[in-house]
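J.: Structure in structure tokens, see below.
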Amino acid sequence: MTAPDHEHHEPRAEPAPRAGELSVRDRALLALERRSHAGPGAKERAIREELGISPVRYYQLLNALIDDERALREDPVTVNRLRRVRDAKRGRR
């Protein structure tokens, strides 16, 4: 039996970002994070369908991205919100 298509994605070719700009993938991560997702599992489904990656990989990439100053310049509201959430979680540990 073969695995479902969503588990075997070829790497997507994307143009290299210009100096000081975010990649297409990084912008897509921020865009998905800005949206609200109705119902359980809706965000995870969107991650798989729209970005072609697992939710675990999404959160790994997103966590690194919010430390990138280019992301802060691109979308300060979203990045600062995510930083606050992450810092609050770290403070509870």
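Here my numbering is used: the first residue of the sequence shown is 15, the next is one more, and so on.
The beta-carbon is built from N, C-alpha and C at its ideal position, and this holds for glycine as well.
Just so it is clear, the structure is predicted and the values come from calculations on it, not from any experiment.
Compute the distance between the beta-carbons of Arg44 and Leu75, then report whether it is under 7 Å.
T.: Here residue 44 corresponds to residue number 30 of the sequence shown, with the count starting at 1. Here residue 75 corresponds to residue number 61 of the sequence shown, with the count starting at 1. Just to set this straight, residue 44 is Leu in the shown sequence, not Arg. No, these two residues do not count as a Cβ contact at 7 Å.
J.: Ordered along the chain, which non-local residues of its own chain (more than five positions away) have a Cβ less than 6 Å from that of Arg84?
T.: Position 70 of the sequence shown holds residue 84. Correct list, in chain order: Leu36.
J.: Around the C-beta of Asp101, are 16 or more other C-beta atoms found within 10 angstroms, so that it is buried, or is it exposed?
T.: Position 87 of the sequence shown holds residue 101. So Asp101 ends up on the exposed side.
J.: Thinking C-alpha only, which one of Arg107, Ile80, Arg104 is nearest Arg41?
T.: Locating residue 41 in the sequence shown gives position 27, counting from the first residue. For the residues Arg107, Ile80, Arg104, the minimum Cα distance to Arg41 belongs to Ile80.
J.: Check whether the stretch 87-102 and the stretch 46-66 are in contact - that is, three or more C-beta pairs closer than 8 Å.
T.: yes
J.: Measuring only the C-alpha atoms, how far is His20 from Arg59?
T.: As a working mapping, residue 20 is identified with position 6 in the sequence shown. As a working mapping, residue 59 is identified with position 45 in the sequence shown. Low per-residue confidence applies at His20: pLDDT is 47, beneath 50, and the placement is therefore not dependable enough to give any value.
J.: Could you tell me the alpha carbon to alpha carbon distance between Arg39 and Pro69, rounded to whole angstroms?
T.: As a first step, residue 39 must be located in the sequence shown, where it is residue number 25. As a first step, residue 69 must be located in the sequence shown, where it is residue number 55. Distance between the alpha carbons of Arg39 and Pro69: 14 Å.
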